[in-house]
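According to the numbering used here, the stretch in the sequence shown is residues -17 to 307, in order. We treat Cβ as the ideally placed atom computed from N, Cα and C, and that holds for glycine.
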Amino acid sequence: MKFCLGIESTAHTFGVGIVTFDGKILANAKRQFTTSEGGMIPSDVARHHEEIKEVVLKEALEKANVSWKDISLISYSAAPGLAPCLIVGKNFAAALAKEHDIALVGVNHSICHLTIGDLICGAKDPMYLYVSGPNTQVIGLSGGRYRVFGETLDVGLGNMLDKFAREIGLGFPGGPKVEKLAVGKYVELPYSVKGMDVSFAGMLTKALRLFRSGTPKEDVCFSLQETAFAMLAEVAERALAHTGKSELLLIGGVAANKRLCKMLDVMCKGRGAKFHAVPLEYSGDQGVMIAWQGVLQFKAGETVNPDGAQIRPYERVDDVPVFWK
Ligand code: AMP
Ligand code: MG
């Protein structure tokens, strides 16, 4: 049996995951940088990762019950992310690869969110709806690359819900709070779909204005969800229709929302497509997805020299040719 160890360090999470070459998950150790005020200064996050990297590695190796001689591959998140954080992961991975004489590969973190979804949900060639704090994107494989079919023109949906919740005093993270309060009646909010793109800034402004002029928060929360999720269902459905794909895979932290899952499921059923939502443990940042993508690229013949290993902080999903599929 062959094993791959994956190291995630693009942003707030430092993670080490271990998987087998045939996709069995053995360990998912991680720590998140947090502050009481929120926000992230890249150099502070990098210091955090530097300080806890050995502990997280040890935890993963113990959980998986494997030793270095069992590991055939090390994979690290080379892109995209905060440069000081990426460097910590890259240097750690390269040093371990040299020390233990193990093959090394660098992967794109955004693509890992997609391919771990495929593995966990058993999806073949889905349209992906990626809805996290900062991201809202409709992505699908077409012409050998993961193409962004549509995305938010301003804030990500998660961040919009977080901002609304913070402004009305619900605390962070806002998504789950809004979901709990979404039991009122509908008040109209701007429904903003432009082609395949969506926009949430106007909805946020209007929602705050309604709340401040006395509309019950239950009504505003309900309306935020109904409007924003209907927009996502519309663009996701159009993407399915145009590409002829028959699966939709929801990823990102907002995938935890039951109402969003329900609406997407109803839309998919209506057109004979299959809906999958990635469970929370694997929809956020972690090392398992880095390890699995490493396996895919290694099996297709890729390795990098530890001395020449790179980071690419600004690489987008559609910059990467999908040579492993
Ligand atoms: P991520 O950026 O992928 O780590 O996801 C975090 C985002 O997901 C935050 O903006 C949360 O507010 C949001 N989120 C988490 N749970 C829910 C939920 N039940 N409903 C809506 N949004 C959620
Ligand atoms: Mg991520």
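For A237 and M245, the gap between their C-alpha atoms comes out near 12 Å. Contact between A259 and E229 is ruled out by a C-beta separation of about 12 Å, above the 8 Å threshold. Contact check between the region 283 to 297 and the region 57 to 77: three or more CB pairs, one atom from each, fall below 8 Å, which counts as touching. Under a 10 Å Cβ-count criterion, I98 is classified as buried, with 16 or more other Cβ atoms of the shown protein chains found around its own Cβ.
At a Cβ-Cβ threshold of 9 Å, K35 and F(-4) count as neighbours. For G235 against G157, the beta-carbon gap comes to about 7 Å, under 8 Å, which counts as contact.
For I56, there is no enclosing alpha helix (DSSP H); the residue is found in the beta strand (DSSP E) stretching over I53 to A61. Cβ atoms of L55 and P24 stay farther apart than 8 Å, at about 28 Å. Bounds of any alpha helix (DSSP H) do not take in G(-3); it lies within the beta strand (DSSP E) bounded by T(-5) to T2. In the three-state reduction of the DSSP assignment, N287 falls in the coil class, being assigned neither a helical nor a strand state. If you keep only unbroken beta strand (DSSP E) runs of at least 3 residues inside the region 91 to 165, you get 109 to 113, 118 to 124 and 127 to 133.
A238 has its Cβ no nearer than 8 Å to any heavy atom of the ligand MG.
According to DSSP, residue pairing for Q14 in a beta bridge involves T(-5). Taking C-alpha positions only, S124 is separated from K167 by approximately 40 Å.
Exposure of T187 is indicated by the presence of fewer than 16 other C-beta atoms within 10 angstroms of its C-beta. In its chain, beyond the 5 residues on either side, no residue has a beta carbon closer than 6 Å to the beta carbon of R298. For the ligand AMP, no non-hydrogen atom lies closer than 8 Å to the CB of P261. Boundaries of the beta strand (DSSP E) around I(-11): F(-15) to E(-10). A85 is bridged by DSSP to L55. Of the residues assessed, S92 falls on the buried side of the cut-off, its CB having 16 or more other CB atoms within 10 angstroms. Counting only the Cα atoms, K159 lies some 7 Å from L152. Each residue's CA atom was taken as its position, placing T16 and H(-6) some 7 Å apart. Shown in chain order are the residues whose CB sits closer than 6 Å to a heavy atom of the ligand MG: H91, H95 and D267. Here the distance from the Cβ of E161 to the nearest heavy atom of the ligand AMP is below 8 Å. Ranked by how close their Cα comes to the Cα of A61, the residues W306, D301 and R220 have D301 in first place.
By the Cβ-count criterion, H224 is exposed, with fewer than 16 other Cβ atoms from all chains shown falling within 10 Å of its own Cβ. Here the C-alpha atom of C250 lies approximately 29 Å from the C-alpha atom of I7.
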